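For reference, the structure discussed in these notes is given below.
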Amino acid sequence: MSVHAILMDKGCHVVTAAGTDTVKDACRLLHTNHIGAVVIVDRENRIEGIFTERDVVAVIAHRGISCMDLQLSEVMWKNVFSCSRSTSINRLMDIMNKQKARHLAVEHDGRLAGIVSIGDAVRHHIRAIEYEAEYIRSYIAG
């Protein structure tokens, strides 16, 4: 099973922002959309950065509440961990674990093609294990 299967299930829509948007704008997007990360893209939909719930807490802790007017380009995480649609679920979970990343952007031809969360990966991994267990039960039964 691959990232492509996750995207087929959940869709490829990603909430994005521009680097010129403010921290306040990003917080509003996170809250309104009930999500944990906003991907920062340029006009050609190339990934420039990511801004997560963790980043909100970090920037407030370091700069105080006045940070709400800062542009995302000043505070976003620029080293965005990404994967492709062909990345396996096991590899995806390995990257997330090693990098301590809860969200990975999905890139295709240098552009944003989706996003996967650790919850997406776990759900699909469990689904695969359940399918395998059911297959084994059916095989044994008959």
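Sequence positions in the sequence shown follow my numbering and run 1496 to 1637. No residue lacks a Cβ here, since even glycine has one placed at the ideal position from N, Cα and C. No experiment lies behind these values; they were computed from the predicted model shown.
For the set I1631, H1526, L1599, the Cα lying nearest the Cα of C1507 is the one of L1599. Looking only at I1613, D1604, S1633, the smallest Cα-Cα distance to I1542 is reached by D1604.
Excluding the 5 residues flanking it on each side, I1535 has same chain C-beta neighbours closer than 6 Å at A1512, G1514, E1543, G1544, L1567, M1571, in chain order.
If you draw a 10 Å sphere on the C-beta of H1529, you find fewer than 16 other C-beta atoms in it, and that means exposed.
Our two residues, L1565 and Y1630, have alpha carbons roughly 53 Å apart in a direct line. Setting aside the 5 residues that flank it on each side, A1500 is surrounded in the same chain by H1619, each with a C-beta closer than 7 Å to its C-beta; the list follows chain order. Sequence-distant Cβ neighbours of N1574 in its own chain, meaning closer than 7 Å and more than five residues away, do not exist here.
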